[in-house]
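Q: These protein sequences, in sequence, are chains A and B.
Numbered by the working numbering, the letters in the first sequence go through residues 29 to 260 in order.
Numbered by the working numbering, the letters in the second sequence go through residues 29 to 260 in order.
In this text, a Cβ means the ideal position worked out from N, Cα and C, and glycines have one as well.
Protein chains: 2
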Amino acid sequence: MLVRSTTKISGSQTMCLKTKNIGSSWAMDELYDNDCSSSPDGATASASLSNSNNILSERNRRKKLNQRLFALRALVPNITKMDKASIIKDAIDYIQQLQEQEATLQADIMELENNNNNNPKNHDLPMLLTSKNTSVFDSPIQLLQLNVTPMGDNTLLVSITCTKRADTVLKLCQLFESLNLKIITANLTVVSANLFNTLFIRADEKEKEELKMQIQTAIAAFNGPQTPPITI
Amino acid sequence: MLVRSTTKISGSQTMCLKTKNIGSSWAMDELYDNDCSSSPDGATASASLSNSNNILSERNRRKKLNQRLFALRALVPNITKMDKASIIKDAIDYIQQLQEQEATLQADIMELENNNNNNPKNHDLPMLLTSKNTSVFDSPIQLLQLNVTPMGDNTLLVSITCTKRADTVLKLCQLFESLNLKIITANLTVVSANLFNTLFIRADEKEKEELKMQIQTAIAAFNGPQTPPITI
DNA sequence: ATTTACACGTGAAAC
DNA sequence: TGTTTCACGTGTAAA
Numbered sequence: 029m030l031v032r033s034t035t036k037i038s039g040s041q042t043m044c045l046k047t048k049n050i051g052s053s054w055a056m057d058e059l060y061d062n063d064c065s066s067s068p069d070g071a072t073a074s075a076s077l078s079n080s081n082n083i084l085s086e087r088n089r090r091k092k093l094n095q096r097l098f099a100l101r102a103l104v105p106n107i108t109k110m111d112k113a114s115i116i117k118d119a120i121d122y123i124q125q126l127q128e129q130e131a132t133l134q135a136d137i138m139e140l141e142n143n144n145n146n147n148p149k150n151h152d153l154p155m156l157l158t159s160k161n162t163s164v165f166d167s168p169i170q171l172l173q174l175n176v177t178p179m180g181d182n183t184l185l186v187s188i189t190c191t192k193r194a195d196t197v198l199k200l201c202q203l204f205e206s207l208n209l210k211i212i213t214a215n216l217t218v219v220s221a222n223l224f225n226t227l228f229i230r231a232d233e234k235e236k237e238e239l240k241m242q243i244q245t246a247i248a249a250f251n252g253p254q255t256p257p258i259t260i
Numbered sequence: 029m030l031v032r033s034t035t036k037i038s039g040s041q042t043m044c045l046k047t048k049n050i051g052s053s054w055a056m057d058e059l060y061d062n063d064c065s066s067s068p069d070g071a072t073a074s075a076s077l078s079n080s081n082n083i084l085s086e087r088n089r090r091k092k093l094n095q096r097l098f099a100l101r102a103l104v105p106n107i108t109k110m111d112k113a114s115i116i117k118d119a120i121d122y123i124q125q126l127q128e129q130e131a132t133l134q135a136d137i138m139e140l141e142n143n144n145n146n147n148p149k150n151h152d153l154p155m156l157l158t159s160k161n162t163s164v165f166d167s168p169i170q171l172l173q174l175n176v177t178p179m180g181d182n183t184l185l186v187s188i189t190c191t192k193r194a195d196t197v198l199k200l201c202q203l204f205e206s207l208n209l210k211i212i213t214a215n216l217t218v219v220s221a222n223l224f225n226t227l228f229i230r231a232d233e234k235e236k237e238e239l240k241m242q243i244q245t246a247i248a249a250f251n252g253p254q255t256p257p258i259t260i
């Protein structure tokens, strides 16, 4: 059990200035102009080596880690906070998003290739759905309830109730896709003529009202200018 | 300049066992059964709070950081080393690789879509969604699971799992509407890229296989004649 | 024996 | 105020 050498405070705190959180990045502290050789005592060879060498290695390790983390943050487009933990978290979310998108794109490519390789004369198949007179984008979304509830842990619960019409489901899907939210899970349940939509969304609790407003305006935009305003 | 309290060695080194690099992950140390209250001296209130509270927060911070790093490592397929720095570096390389691949795939899709537009197919469809590079009515329903289970009381439980694509929800809704079933309730849940559809349907138990066949043929019809047969 | 990587406690700074 | 996040030096353990 070594007795602690008292060089800590004099060694680190005086220099380096600790500049921590200057504006946007946490210091990324360069200029390690430490003269550790200024140990006042005549230390033994093993002690001085063990101290000055390990202390230097540790500094380099931390520096490298911070540089990597900094480089990682530079790659991620949507950055919420500058925390180390948040940076990693954003990177995780971004990788998942990229992976999903890759799967989607590859599926699209396969399907497009199939369409290209096949005979260019099959006009009949996609028209199965239009048999219900649709004019798909006309019936407005009739909103019955809209709640946005913070659930803690940066999660908002969005609960929507509306009457079920032929294209309401499609519209809701498009609506939420257009909002570019971080949807954790989405649930859509229809019983008789009513439609219940529940979403868990990753967002700060303070965005609650803003999110509700976004959804309302999006619904209004989908319904078009001629529809009467819906108050809940 | 505070005089160092000598609680460091007795506080940390005795417990915790420091298990460091057990096999594959660096400890991810649980069980912090430290009773820091065993400080032998009657410390002042400010000192004890500053010590025990900050020390706990710092442990939680480190723990969270390590968990995030662990989660990040789980997402990256090609892992070279288990270092913290290497984990971040691998994640960086992986993100760059994914970004390049995304650009390549999107270029391929554009090219394929241009080829498709030369075909005399339907240009008159409402192309509202093509802003997201997804062609609206073409992606087939990719069935992952289909179960029809009799629940008694003249009720059949239909459980469907498929990959979520831009128009899969719409297709499933229209599909079940076209089957003219007596739907008691329907539930549709999407988590990440998968889509779970559950329906309670009023029908005789003997129609179980027939209903399953109906659904399969309906999906095949929706997917069109050129799609490969899907076996479940 | 040397190097490398880690968790730890700690004081400081920012919020 | 207190809470959170950080860099630092240090001891330990494995390579």
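1. Over the uninterrupted beta strand (DSSP E) stretch that includes V218 (chain B), give me the two end residues.
2. For N175 (chain B), report the span of its beta strand (DSSP E) as first-last.
3. With 8 Å set as the bound, which would you pick, yes or no: does the beta-carbon of N142 (chain B) sit closer than that to a beta-carbon of chain A?
4. Since I believe L174 (chain A) is in contact with Q244 (chain A) (beta carbons under 8 Å), could you give me their beta-carbon distance rounded to a whole number of angstroms?
5. Can you name the residues of chain A whose CB is closer than 8 Å to the CB of C201 (chain B)?
6. Taking CB distances under 8 Å as the criterion, tell me whether Q124 (chain B) reaches chain A.
7. Return the residue from the list B:S80, B:N88, B:I229 that minimises the CA-CA distance to F204 (chain B).
8. By DSSP, does N94 (chain A) sit in helix, in strand, or in coil?
9. Is A214 (chain B) near K192 (chain B), with beta carbons less than 8 Å apart?
10. Please confirm if T217 (chain B) has its CB atom under 8 Å from at least one CB of chain A.
11. Run through chain A and tell me which residues come within less than 8 Å of T213 (chain B), C-beta to C-beta.
12. Here's the rule I'm using: 16 or more other beta-carbon atoms within 10 Å means buried, otherwise exposed. How should R96 (chain B) be labelled?
13. Candidates B:V197, B:K91, B:D232, B:T108: which alpha carbon is nearest I247 (chain B)'s?
14. Where A102 (chain A) and K109 (chain B) are concerned, what is the direct C-alpha to C-alpha distance, given to the nearest angstrom?
15. Taking 6 Å as the limit between beta carbons, can you name the residues of its chain near Q170 (chain A), skipping five residues before and five after?
16. Going by other Cβ atoms of all chains shown within 10 Å of its Cβ, with 16 needed for buried, is N251 (chain A) buried or exposed?
17. Name the residue from B:Y122, B:N94, B:I211 whose alpha carbon lies nearest to the alpha carbon of K112 (chain B).
18. So, at 6 Å on beta carbons, what are the nonlocal neighbours of V164 (chain A) in its own chain, with the 5 sequence-adjacent residues on each side left out?
19. In chain order, what residues of the same chain lie with their CB nearer than 6 Å to the CB of F224 (chain B), ignoring the 5 residues before and after it?
20. Which chain A residues sit within Cβ distance under 9 Å of I188 (chain B)?
21. Just to make sure I have the definition right: I need the residues of chain B whose C-beta is within less than 8 Å of the C-beta of Q129 (chain A). Which are they?
22. Specify, as a first and last residue, the run of the alpha helix (DSSP H) that V197 (chain B) falls within.
23. Taking N289 (chain B) as part of the beta strand (DSSP E), name the residues at either end of that continuous run.
24. Look at the alpha carbon of R32 (chain B) and the alpha carbon of R89 (chain B), and state the distance between them as a whole number of angstroms.
25. Taking its Cβ as the centre, do 16 or more other Cβ atoms sit within 10 Å of T132 (chain A), making it buried, or is it exposed?
26. What is the DSSP secondary structure of I123 (chain A), counted as helix, strand or coil?
27. Between I137 (chain A) and chain B, is any beta-carbon pair separated by less than 8 Å?
28. Please work out which residues of its chain come closer than 8 Å, Cβ to Cβ, to L207 (chain A), disregarding the five sequence neighbours upstream and downstream, and give them in chain order.
29. Given a cut-off of 8 Å, decide if V176 (chain B) and K234 (chain B) are closer than it, judged by their beta-carbon atoms.
30. Please work out which residues of its chain come closer than 6 Å, Cβ to Cβ, to L172 (chain A), disregarding the five sequence neighbours upstream and downstream, and give them in chain order.
31. In angstroms with no decimal places, state the Cα-to-Cα distance between N106 (chain A) and Q124 (chain A).
32. With a threshold of 16 other CB atoms inside 10 Å of the CB of N182 (chain B), please say whether the residue is buried or exposed.
A: So, from the listed chains and residues:
1. It spans 211 to 219 - the beta strand (DSSP E) in which V218 (chain B) sits, taken as one unbroken run.
2. N175 (chain B) -> beta strand (DSSP E) spans 171 to 180.
3. With 8 Å as the cut-off, N142 (chain B) does not count as an interface residue toward chain A.
4. That pair is a contact at about 7 Å.
5. Chain-ordered, the chain A residues with CB closer than 8 Å to the CB of C201 (chain B) read V197, L198.
6. Yes, its Cβ sits closer than 8 Å to a Cβ of chain A.
7. Sorting B:S80, B:N88, B:I229 by C-alpha distance to the C-alpha of F204 (chain B) places B:I229 at the top.
8. It is helical.
9. For A214 (chain B) and K192 (chain B), no; Cβs fall outside 8 Å.
10. Yes - at least one Cβ of chain A is within 8 Å of the one on T217 (chain B).
11. Within 8 Å of the CB of T213 (chain B), the CB atoms of chain A belong to T217, V218, V219, in sequence order along the chain.
12. Buried is the label assigned to R96 (chain B), since at least 16 other Cβ atoms lie within 10 Å of its Cβ.
13. Nearest to I247 (chain B) by C-alpha distance, out of B:V197, B:K91, B:D232, B:T108, is B:V197.
14. A102 (chain A) and K109 (chain B): Cα-Cα distance of roughly 22 Å.
15. Cβ-Cβ distances below 6 Å link Q170 (chain A) to C190, T191 in the same chain, with the five nearest sequence neighbours on each side left out; the list follows chain order.
16. With 16 or more other CB atoms across the displayed protein chains lying within 10 angstroms of its CB, N251 (chain A) is buried.
17. Selected option, being the one with the closest Cα: B:N94.
18. Model confidence at V164 (chain A) stands at a pLDDT of 40, short of 50, so the residue's coordinates are unreliable; what they give is reported in the following sentence. Spatial neighbours of V164 (chain A) in its own chain (CB-CB distance under 6 Å, excluding positions within 5 residues in sequence) are listed in chain order as D195.
19. Answer for F224 (chain B): T189, T217, listed in chain order.
20. Here the premise fails: no neighbours, minimum Cβ distance about 13 Å.
21. Within chain B, the residues placing a beta-carbon under 8 Å from that of Q129 (chain A) are E130, ordered along the chain.
22. Residues 196 to 206.
23. An answer regarding residue 289 (chain B) cannot be provided, because it is not within the stretch 29 to 260 covered by chain B.
24. With a pLDDT of only 35 at R32 (chain B), under 50, the local geometry of the prediction cannot be trusted, and no value is derived from it.
25. With 16 or more other Cβ atoms within 10 Å, it is buried.
26. Helix.
27. Cβ-Cβ to chain B under 8 Å: yes for I137 (chain A).
28. Q242, I243, A246.
29. No, the pair does not count as a contact, with Cβ atoms beyond the cut-off.
30. Taken in chain order, the residues that qualify are T189, C190.
31. So the two alpha carbons sit approximately 13 Å from each other.
32. That one is exposed.
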